[in-house]
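Numbered according to this note's numbering, the sequence shown terminates at residue 150, and the numbering increases by one at each position without gaps.
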Amino acid sequence: MNVTEWVGENLEYARDLVSTALEGAKDGHSAIPAEDRLPKVLVKTAPSSLGLTVLGAGIGVLCGYLGNKRKLTAESALFGVLGGVTGLLIGVGWSTRHETRGMASGAMKNLGTARDAHWLERHPIDYA
23 MNVTEWVGEN LEYARDLVST ALEGAKDGHS AIPAEDRLPK VLVKTAPSSL
73 GLTVLGAGIG VLCGYLGNKR KLTAESALFG VLGGVTGLLI GVGWSTRHET
123 RGMASGAMKN LGTARDAHWL ERHPIDYA
C-alpha cells in the first residue's frame, strides 16, 4: 500500500465518521421536544451569555494592551473581538449543555457503530 492509497482510505473513513456523527446528532435533535430545540434555546440563552462575552472582550483587550508595551493598537481590538466571541461561545455552550446532551449522545452512539464496522472490515472474524 502506497501513501496515496493510505490517504484515500483514511479520508473515506473520516468522511464516513463525520456523516454518521451528523446523522446521530440529527436523530438526537429530533428527540428533543419542540419548545427545547436549539434555535429557541439559543435566543433565550444569548442574553445570559453577555457577561462572559464582556469578560472575554476585556481580557482580550488587556492582553493586547500589555503585549504591545501598554499601547492600544488594532491588535488590541482584534484580541478584544476574539475574546468576546470566545466568551459568547463558552456562555452559550454552557447554557445549552442540557439540550445538546441528546445530540452528543446520538452522535457518539453512531460513531461507535461506524468504528466497529470499520474494525470488522479490517479484521474479519473467521468462525470456520
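The beta-carbon is built from N, C-alpha and C at its ideal position, and this holds for glycine as well.
* Asked: Taking DSSP as the reference, what is the three-state secondary structure of T26?
  -> helix
Open item on the list: I need the straight-line Cα distance from Y35 to M130, nearest angstrom please.
Closed with: 16 Å
**Prompt:** Going by the CB atoms, is the gap between V83 and F172 shorter than 9 Å?
**Reply:** This structure does not reach residue 172, given that the chain is present from 23 up to 150, and the question cannot be answered.
Assuming G113 and A79 make a contact with CB atoms under 8 Å, what is their CB distance in whole Å?
G113 to A79, Cβ: 12 Å. No contact.
**Asked** For A43, which residues of its own chain have a beta-carbon under 7 Å away from its beta-carbon, when the five flanking residues on both sides are left out?
**Response** A129, N132 and L133
**OP:** Inspect the beta-carbon positions of L64 and G109 and report whether they are closer than 9 Å.
**Re:** no
**Item:** Given V107 as reference, the closest of L72, M125 and E57 once Cα atoms are compared
**Value:** L72
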